[in-house]
Amino acid sequence: MTWIEPIRTFRSQQFCIFDDQAENYLLLLLHSLKYEANLLVLFLFKGKIVPSVNNPLLLKSATQLAQEIRNGELKSEDVVQAYIDRIKEVEPYIHATAEKCFEDALEKAKGVDSLVSSGQYTKQQLADDKPFLGVPISIKALLLVKGVRSTAGYEPYSHLVAPEDAPAVGLMKNAGAIVITTTNVPEMGLNIDTMNRLYGATKNPYDTNRSSGGSSGMDRLLTMLQNI
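Using full-length UniProt numbering, you'd call the opening residue of the sequence shown number 1 and step up by one each time.
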């Protein structure tokens, strides 16, 4: 039950004097009070800041990582593990992920390293056919990832598992990218704040009292976290 349900139940009773216009005014008042309360919290209390980036692998671009992986200069497993470690480090602060695929991602990364070391393909062939080979990526939780719960941040969908990849996800996988997690979204993507009852509220890494925005709140964070 959401916070508005008692209001709707009350106004549905015969003795209720509210009409639709009165309900709209009440909703506006409640939202205004919530906004003012949030401003007061921001004014009185400073939130936390996530720890700084210490692993240089996290500061490399996707294309640079892909090049170094196919050249044998980096192992995909090390890169994927670096991103998993960073997620585990900052997640308690910002609640940014939805469904994690860590074990599967590490297995796929080991497969990439074996493929590169086998010499079965030239570096140019790998660059042409798999331009993001071994690079970890996150997927917004509104998109289907095969074998992963597909909730869109909506609690009644918590039992649904994607039978196949969304086209965009499939293209990235075909290009060699490795999905390590899906990222938090507003419920059904219908809000400017990244919050839902399944995964909680995603926070701003510079001040955890603030929001990350929405609907791609976590994707903003990925960019912001590189600058901390």
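Heads up, the beta-carbon is just placed ideally off N, CA and C, and yes, glycines get one too.
Residues bridged to residue i [DSSP beta-bridge criterion]
| i | result |
| --- | --- |
| SER211 | LYS203 |
| ILE137 | VAL179 |
| VAL161 | ARG149 |
| MET195 | ALA201 |
Residues near residue i in its chain [Cβ-Cβ closer than 7 Å; skip 5 each side]
| i | result |
| --- | --- |
| ALA175 | LYS130, PRO131 and PHE132 |
| MET172 | PHE132 and ILE137 |
| ALA62 | PHE132 and VAL135 |
CB contact flag (residue i, residue j, <7 Å)
| i | j | result |
| --- | --- | --- |
| GLY213 | VAL185 | no |
| THR202 | ILE94 | yes |
| ALA98 | TYR199 | yes |
| ILE178 | ALA66 | no |
| ALA105 | VAL145 | no |
| LYS75 | ASP128 | no |
| GLU89 | PRO56 | no |
Heavy atom of the ligand GTP within 6 Å of residue i beta-carbon
| i | result |
| --- | --- |
| THR122 | Ligands displayed in this structure: none; no statement on the ligand GTP is therefore possible. |
Whole-Å CB distance - residue i paired with residue j, under 8 Å assumed
| i | j | result |
| --- | --- | --- |
| GLU155 | ARG197 | 5 Å |
| GLY147 | VAL135 | With a Cβ gap of about 20 Å, GLY147 and VAL135 do not count as contacting. |
| LEU142 | GLY189 | 5 Å |
| VAL116 | ILE69 | 7 Å |
| GLY47 | ARG210 | 7 Å |
| LEU59 | TYR83 | At roughly 12 Å, the Cβ-Cβ gap does not stay under 8 Å, so LEU59 and TYR83 are not in contact. |
Within the segment 40-108, ranges of the alpha helix (DSSP H) (whole runs, at least 4 residues): Taken in chain order, the whole alpha helix (DSSP H) runs of length 4 or more contained in the segment 40-108 are 62-70 and 76-94.
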